[in-house]
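These protein sequence lines are chains A and B, in that order.
FYI, this note's numbering numbers position 464 of the first sequence as 499, with every residue one higher than the one before it.
FYI, this note's numbering numbers position 135 of the second sequence as 138, with every residue one higher than the one before it.
Take a look at the structure below.
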Amino acid sequence: MSSAMSWLISGFEAVSLARAQFAFTMSFHIVFPAFSIGLASYLAVLEALWLWTGREVFLNLFNYWLKIFAVAFGMGVVSGIVMSYQFGTNWSAFADKTGPVIGPLMAYEVLTAFFLEAGFLGVMLFGLERVGRRLHFVATLMVAIGTLVSAFWILSANSWMQTPAGYAVNPAGQFVAADWLKVIFNPSFPYRLVHMVLAAYLTTALVVGAAGAFHLWRDRHLAGARVMFSMAMWMATLVAPIQLIAGDQHGLNTLKYQPVKIMGMEGHFESHPDGAPLYLFGLPDEKAGKVKYAIEIPRMGSLILEHDLNAPMKGLNTVPRENWPPVPITFWSFRIMVGMGFLMFGLGLLSLWARWRGTLYEWRLLHLFAIVMGPAGFVAVLAGWITTETGRQPFTVYGLLRTADSASPLAAPAVGASLISFAIVYFVVFIAGLIYLLRLMALPPHPGEAGLPRDIPARAAGITPAIESVAR
Amino acid sequence: MTAAIDIATVWAFIIAFAVFVYVVMDGFDLGLGILFPLFPAKGDRDTIMNTVAPVWDGNETWLVLGGGGMMAAFPLAYAVLMPALYTPVIAMLIGLIFRGVAFEFRWRVKSERNRWDLAFAGGSWLATLAQGVALGAILQGVHVEERHYAGGWWDWLTPFSILTGVSLAIGYALLGATWLVLKTEGPLRDRAYHLAWYLLFAMLLAIGAVSIATPFLHIQYAERWFTWPNIVLTAPVPIAVAVVTVALLRSLADKQDTRPFFLTLLLFALSYLGLGISMYPYIVPQSIDIWQAASPANSQIFMLFGVAVLIPLILAYTGWAYWVFRGKVRAGSGYH
């Protein structure tokens, strides 16, 4: 056997392929829930405003975004089914060892998500005329709450992998729960939950804002476009600064419980006994153990992380090499996320200024900025997840279970073949879905906006409900 | 300790129940996909799709519950079976993705309809064969060492697993055909009757072949079925299969639209019971039983709270949805 072949089927390579597969399918998946969490809450707000003020424009916007929500939610569910089986197919050792602890958390996620789907989504999507306004609003509210409950459980499971707590280890080598409350409310969970839900809200606000700006560009008097743009810009103005604070707090929590991740994120290869610098940019070089071409602000790192200019900070040189996270990825994805955050903050401030000057609906440059920022939330969410997940490496359960010991006993060709299959299928199916979504958003919201159409089959449960043919 | 044993049995029944509900509920709509190539006319295809459009996606809930519940309640079994069934599971997921999006996308762009019809039929075939093959692979047993799967990634492929794969496709097709008998009228229903007749004979052959082959896989299966006093308990199963078959033949001959579907469900239930008799108490046959695979009692009890509340609610809602959408579907009309 050639050396290339034996390299290909060596255990290390199978683990890498399994990681690539998880990263790929997860990245596709997370985009949809992040959007639908925010959109579900936005829909609840729109319906509440309609019921409260009686203004037609809110109902039009509700119906407009409902069609988009239906498609995004459906794609989230389809891609989520793959995730729920992947723990077994590619990460069976992990599933065996952590199943007793995080299995129930994920089971609750499934139960709540599907209960909401079965019970309320159908009414929300198709029932306004059948059940009346009040009951329909309750359904919308329950869907919004349901998406948040889903986020609660899945982020609890994820956070436990980052900051495990409340567990014991049984003779079979499995993690078991010693205290469920400590498992669920593990140290990083509250911070991650707040950070992620705010991220979902911002992501949705930016998409709504971009759609509003796009339609204002063509007709600045379009009532629906004005309202959605204004609402989205309020969200950016108010939530972006809160998110910066929440992110800072999350960072402090990470420093306390996962200091090595912070070293990777900051590119701190060396220890800084009297104040660590902040590297704005640079090329982390793991072999050389330093950040090349760094643009740095002295002591700023200590100020941000310890809120003290002179606080000493340890570097990766105090950590065994085999416990390092992949520094360049962690370093760069973190900077992309933070950069996006500041751009969102800037958009919010700019819109506030435009509002004050009375040019919110006229200022083309602002509209252009908002359109460009449309996907920024998704970029930030993906970059943030890459930061936190690669920063957890080389462990799946931080400090306790190594990634290399978590994978299924499979040969590389098996994992490689499934990775290629998923890649092809996802590109075909989800790109088609994405095109349908963009076509829906390209249509302007008009007065008398219809809900979901009646000329194609109705749905009872409706995870992937029908939307009007945009091609006709 | 006894509490732990009891709760593991309860969970074994919950998982078995979820899988069964999935098999019969997704079974008939996968069966429609299997039969799709036999109904090339656009009008027929629209009607066939309309008969399941309101309910198919709720059906998939149970698949996620079965998989997710297994990881939480029987992590060791999940960890052994998923790598052992690697290729069939991934093929099934890919088949279900194509089948699922085809339901929606084929209504969007008329020029692309044939493409999504192909995705619907192909996805249904792929998912069904993969499920049937996986069943055969589980029955024939997998190679376990310590706490992990120790076989290769093609071990699942044997003549027996191919037999169970084809058998399941026949079974789902029969469910689909009798579903059409129940839900449609006119020439479409007549053709479904015609198909159901052939498919029933094929299904009987399949049940017979799998029943004969299974005892040869492991001596334990033979002992379970054919030794005294077990035989007192096991003999009624094949007898019941015979009785249901006769009733099914008569209902097809008499053209009673409602009965064939429910009698086919009964046939599935009996086959499933037979599988249960062969497997119990193993969750990975002949290697890992439900108590070895069970997660600690505190994990299983913690989940039981959620399941006890939510499964009845989901069942009630599902029943209501089927009730709302009861009756025949007319060509071009959907349900409204």
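Built from N, CA and C at the ideal position, the CB exists for glycine as well.
It should be emphasised that the depicted structure is a prediction, and the values quoted were computed from it without experimental measurement.
Next on the checklist: Just to make sure I have the definition right: I need the residues of chain A whose C-beta is within less than 9 Å of the C-beta of B/Met306. Which are they?
Outcome noted: What B/Met306 touches in chain A: Gly138, Pro139, Ala142, Tyr143, Leu146.
Item to check | Under 7 Å (Cβ pairs) to chain B, residues found in the segment 214 to 235 of chain A | outcome: Flagged, chain order: Trp215.
Checklist entry - Going along the segment 281 to 301 of chain B in order, which residues come within less than 8 Å of chain A, judged by CB to CB distance? => result Cβ contacts with chain A: Ser298, Pro299, Asn301.
Checklist entry - Is the beta carbon of A/Ala75 sitting closer than 9 Å to the one on A/Met141? => result In this structure, A/Ala75 lies away from A/Met141, with their beta-carbon atoms at least 9 Å apart.
Next on the checklist: Can you confirm whether B/Ala209, when its beta carbon is compared against all beta carbons of chain A, has any partner nearer than 9 Å?
Outcome noted: Taking CB atoms only, B/Ala209 has no neighbour in chain A less than 9 Å away.
Checklist entry - CA-CA distance, A/Val85 and A/Phe93? => result First, the residue type needs correcting, since residue 85 of chain A is Trp and not Val in the sequence shown. Their backbone Cα atoms lie some 5 Å apart in a straight line.
Checklist entry - Which ranges does the alpha helix (DSSP H) cover as unbroken runs of at least 4 residues, wholly within the segment 220 to 268 of chain A, from first to last along the chain? => result If we require 4 residues or more, the alpha helix (DSSP H) runs fully inside the segment 220 to 268 of chain A come out as 224 to 253.
Checklist entry - Which residue's Cα is closest to the Cα of A/Val326: A/Gly451, A/Leu351, A/His342, A/Gly310? => result Closest option to A/Val326, Cα to Cα, is A/Leu351.
Item to check | Three-way DSSP call (helix, strand, coil) for A/Glu48 in this model | outcome: If DSSP states are grouped into helix, strand and coil, A/Glu48 belongs with the helices.
Next on the checklist: Suppose you measure from the CA of A/Ile455 to the CA of A/Ala53; what does that come to, to the nearest Å?
Outcome noted: When rounded, the distance between both Cα atoms is 11 Å.
Item to check | A/Arg90 - DSSP class collapsed to helix/strand/coil | outcome: Correct three-state label for A/Arg90: coil.
Checklist entry - Should the segment 285 to 303 of chain A be called in touch with the segment 423 to 435 of chain A, which here means at least 3 C-beta pairs below 8 Å? => result Enough Cβ pairs lie closer than 8 Å, so yes.
Checklist entry - A/His171 by DSSP, collapsed to three states: which one? => result Helix.
Checklist entry - So which residues of chain A does B/His151 contact, with C-beta pairs closer than 9 Å? => result Neighbours of B/His151 on chain A, chain order: Ser127, Ala128, Asp131, Ser443, Pro444.
Next on the checklist: If you reduce the DSSP assignment to three classes, tell me which class A/His307 lands in.
Outcome noted: Strand at A/His307.
Checklist entry - With 16 as the cutoff for other CB atoms within 10 Å, does B/Phe31 come out buried or exposed? => result The residue in question, B/Phe31, is buried, as its Cβ has 16 or more Cβ neighbours within 10 Å.
Checklist entry - If you measure beta-carbon to beta-carbon, which residues of the segment 112 to 126 of chain A are closer than 7 Å to chain B? => result Within the segment 112 to 126 of chain A, the qualifying residues are Val113, Ile116, Val117, Ser119, Tyr120, Phe122, Gly123, Thr124.
Next on the checklist: What does the alpha-carbon distance come out to for the pair A/Gly451 and B/Ile280?
Outcome noted: The alpha-carbon atoms of A/Gly451 and B/Ile280 are separated by roughly 38 Å.
Checklist entry - Once you ignore the five residues that flank A/Ile364 on each side, which residues in its own chain have a CB closer than 8 Å to its CB? => result Taking C-beta separations shorter than 8 Å and ignoring five residues to either side along the sequence, the partners of A/Ile364 in its chain run Ile421, Thr425, following chain order.
Item to check | As assigned by DSSP and simplified to three states, the class of A/Tyr328 | outcome: Here DSSP, grouped into helix, strand and coil, assigns A/Tyr328 to strand.
Checklist entry - Grouping DSSP H, G and I as helix and E and B as strand, with all else coil, what is B/Val287? => result In the three-state reduction of the DSSP assignment, B/Val287 falls in the strand class, which pools E and B.
Item to check | Close Cβ partners of A/His307 (< 6 Å) along its chain, the five nearest in sequence each way excluded | outcome: Met348.
Checklist entry - Is it right to say A/Asp131 is buried, meaning 16 or more other beta carbons lie within 10 angstroms of its own, or is it exposed? => result So A/Asp131 ends up on the buried side.
Item to check | Per-residue contacts from B/Trp156 into chain E (C-beta, under 7 Å) | outcome: You won't find chain E in this structure, because its protein chains are A and B.
Item to check | Neighbour flag for B/Phe23 against chain A, beta carbons, 9 Å | outcome: By this cut-off, B/Phe23 is not an interface position.
Checklist entry - I think A/Tyr596 touches A/Val204, with their Cβ atoms under 8 Å apart; what is that distance to the nearest whole Å? => result Because residue 596 of chain A is not part of the residues shown, which for chain A are 36 to 507, the question remains open.
Item to check | Per DSSP, cross-strand counterpart(s) of A/Ala212 | outcome: In the DSSP assignment, A/Ala212 is bridged to A/Tyr202.
Checklist entry - Run through DSSP, which three-state label would B/Leu121 get? => result Of the three classes helix, strand and coil, the one that applies to B/Leu121 here is helix, per DSSP.
Next on the checklist: Going residue by residue through the segment 364 to 446 of chain A, where are the continuous alpha helix (DSSP H) segments of at least 4 residues, counting only ones entirely within it?
Outcome noted: Counting only runs that start and end inside the segment 364 to 446 of chain A, the alpha helix (DSSP H) elements of at least 4 residues fall at 399 to 407, 411 to 427.
Checklist entry - Is A/Glu424 near the ligand GTP, judged by its Cβ being under 8 Å from some heavy atom? => result Absence of the ligand GTP is noted for the structure shown, with no ligands found whatsoever.
Next on the checklist: Which residue wins for smallest C-alpha separation from A/Ala467, given the options B/Trp326, B/Ser127, B/Gly36, B/Arg118?
Outcome noted: The option with the nearest alpha carbon to A/Ala467 is B/Arg118.
Next on the checklist: Can you pull out the residues from the segment 20 to 53 of chain B whose beta carbon lies closer than 8 Å to at least one beta carbon of chain A?
Outcome noted: For the segment 20 to 53 of chain B, which is checked against every Cβ of chain A, the residues closer than 8 Å are Met52, Asn53.
Checklist entry - Alpha carbon to alpha carbon, how far is A/Pro410 from A/Val242? => result About 7 Å.
Checklist entry - Between B/Ile100 and A/Val113, what straight-line distance do the alpha-carbon atoms span, to the nearest angstrom? => result The straight-line gap from Cα to Cα measures roughly 6 Å.
Checklist entry - Roughly how many angstroms lie between the CA atoms of B/Arg130 and B/Ala124, to the nearest whole one? => result Per the sequence shown, residue 130 of chain B should be read as Ala rather than Arg. B/Ala130 and B/Ala124: Cα-Cα distance of roughly 10 Å.
Checklist entry - chain A partners of B/Gly277, CB-CB under 7 Å? => result Neighbours of B/Gly277 in chain A, taken as residues at a C-beta separation under 7 Å, are lacking, since the least C-beta distance is about 26 Å.
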